[in-house]
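Trainee:
Protein chains in written order, with the working numbering: chain Y, 1 to 242; chain E, 1 to 120.
1. With C-beta atoms as the reference, is residue 29 (chain Y) less than 8 Å away from residue 97 (chain Y)?
2. Measuring only the C-alpha atoms, how far is residue 242 (chain Y) from residue 40 (chain Y)?
3. What whole-angstrom Cβ distance do residue 167 (chain Y) and residue 78 (chain Y) have, given they're in contact under 8 Å?
4. Quick one: which residues of the segment 173–203 of chain Y get their C-beta closer than 8 Å to a C-beta of chain E? List them in chain order.
5. Could you tell me the alpha carbon to alpha carbon distance between residue 137 (chain Y) and residue 182 (chain Y), rounded to whole angstroms?
6. Is the closest heavy atom of the ligand NAP to the C-beta of residue 51 (chain Y) under 7 Å?
7. Below 8 Å between beta carbons: does that hold for residue 234 (chain Y) and residue 185 (chain Y)?
8. Considering only DSSP beta bridges, list what residue 262 (chain Y) is partnered with.
9. Out of Y:198, Y:130, Y:13, Y:212, which one is the CA nearest neighbour of residue 50 (chain Y)?
10. Between the C-alpha atoms of residue 100 (chain E) and residue 151 (chain Y), what's the straight-line distance to the nearest angstrom?
11. Going by C-alpha to C-alpha distance, which of Y:222, Y:6, Y:128 sits closest to residue 107 (chain Y)?
12. Distance check for residue 104 (chain E) and residue 157 (chain Y), CA to CA, integer angstroms please.
13. How many angstroms separate the CA atom of residue 84 (chain Y) from the CA atom of residue 163 (chain Y)?
14. Report yes or no: is there a C-beta of chain Y within less than 8 Å of the C-beta of residue 105 (chain E)?
15. Pop quiz: residue 8 (chain Y) and residue 88 (chain Y) are said to be a contact at Cβ under 8 Å. What is the actual Cβ separation, rounded to whole angstroms?
16. Residues in its own chain within less than 8 Å of residue 222 (chain Y) by CB, not counting five upstream and five downstream?
17. For the segment 43–59 of chain Y, which residues have a CB atom closer than 9 Å to at least one CB atom of chain E, in sequence order?
18. Under the rule that 16 or more other beta-carbon atoms within 10 Å means buried, what is residue 75 (chain Y), buried or exposed?
19. Which one of E:86, E:27, E:28, E:76 has the shortest CA to CA distance from residue 11 (chain E)?
20. Residue 32 (chain Y): buried (16+ other C-beta within 10 angstroms of its C-beta) or exposed?
21. Please return the same chain residues whose Cβ sits closer than 8 Å to the Cβ of residue 102 (chain Y), not counting the five positions on each side in sequence.
22. Where do the N-terminal and C-terminal ends of the beta strand (DSSP E) with residue 59 (chain Y) fall, by residue?
23. Spatial neighbours of residue 142 (chain Y) within its chain, please: CB distance less than 7 Å, with the 5 preceding and 5 following residues excluded, ordered by chain position.
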């Protein structure tokens with residue numbers, strides 16, 4: 001059996017301080033991974049830094065938001081025939097050393113989408129602030145009910161996908177605050193979704209895209225998106241492997 | 001009964017709207033497909049302004065007894081809401097198309113830069 005071609009999809013917006021390390025860590029972990037950084041029209045030199053560290057860089061001509069940026073990566077993966085993809089954030093909060101954990105179920109053919117969750121194991125290290133914990137728990141419960149399968153962390157951007165998952169998200173991926181809705185879309189499309197416990201680090205530079213003021217918009221938008229997504233019909237996909 | 005002055009002002013305003021929209025289309029500053037709803041608005045308001053008994057009858061149907069021209073305002077408001085809603089769908093479609101184009105450009109640029117690296 002030949003090794004599956006693997007791509008790491010890394011969206012980045014003004015992450016010149018962290019992106020070099022992120023790319024290095026992935027390559028150090030496994031030099032066979034092709035690293036694709038999607039530069040969402042940064043005003044700093046994120047693209048140049050990523051390129052000088054050996055990543056393939058996709059430069060968006062204007063800022064399209066995290067979802068649109070990530071989707072560019074999935075489209076790249078489809079065009080270039082990758083069988084497996086992992087998605088990590090460009091700020092360094094997803095440790096490359098955790099990649100094998102989320103990759104394992106995809107490699108074994110047991111899942112089409114693996115979510116690196118911070119909350120599978122109640123003893124996990126990550127303790128978000130109260131308000132955020134409530135929000136994450138609420139979305140997780142909603143997606144579990146609407147999607148018909150228990151998930152614990154729908155806001156995680158640390159995921160692994162097989163070809164079926166890549167193709168689904170290349171065609172259909174929400175554009176802002178995408179993770180929660182994407183999880184539901186995957187479930188309703190019939191992808192086999194698994195979650196594994198991962199630890200995430202505090203971000204080293206930059207700031208989270210979710211500021212306090214935007215939180216309300218975030219919650220309302222995601223709720224509406226979930227409602228609409230559960231009313232929509234999605235073509236049932238068959239898992240990549242039976 | 002609707003005051004005659006209201007009917008006259010309503011008719012003039014409607015005709016002005018129709019003329020402005022037609023002129024914008026003629027000057028290619030407004031596409032026909034986006035002019036249609038505006039023209040419909042103008043025509044409906046013109047008809048309701050000129051056809052005074054009609055306005056009275058409709059006012060009776062919807063329970064407006066004291067001041068029939070209120071129906072004129074209500075219809076105008078309804079049409080403006082329709083136009084705005086229509087534009088919201090247009091903007092949404094444009095946004096999606098824009099993102100799609102941006103993504104394609106990013107993918108194509110990466111390909112081109114490998115085939116023909118920029119000359120410094």
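Just so it is clear, CB atoms sit at the ideal spot from N, CA and C, and this is done for glycine as well.
Mentor: Checking against the coordinates, here is how it stands:
1. yes
2. With a pLDDT of 41 at residue 242 (chain Y), under the threshold of 50, the modelled position of this residue cannot be trusted; read the value that follows with caution. If I take the Cα positions, the gap works out to 37 Å.
3. 6 Å
4. 175
5. Between residue 137 (chain Y) and residue 182 (chain Y), the C-alpha separation is close to 16 Å.
6. In the structure on display, the ligand NAP does not appear, and there are no ligands present to speak of.
7. Yes, these two residues count as a Cβ contact at 8 Å.
8. Any answer about residue 262 (chain Y) is impossible in this case: the structure gives chain Y only from 1 up to 242.
9. Y:13
10. 30 Å
11. Y:6
12. 23 Å
13. Rounded to whole angstroms, residue 84 (chain Y) and residue 163 (chain Y) show a C-alpha spacing of 6 Å.
14. yes
15. 6 Å
16. Same-chain partners within the cutoff: 139, 177, 180, 181.
17. 56, 57, 58, 59
18. Per the 10 Å Cβ criterion, buried.
19. E:76
20. Exposed, because fewer than 16 other Cβ atoms sit within 10 Å of the Cβ of residue 32 (chain Y).
21. 86, 114, 115, 116, 158, 159, 160, 196, 198
22. 56–59
23. Taking C-beta separations shorter than 7 Å and ignoring five residues to either side along the sequence, the partners of residue 142 (chain Y) in its chain run 226, following chain order.
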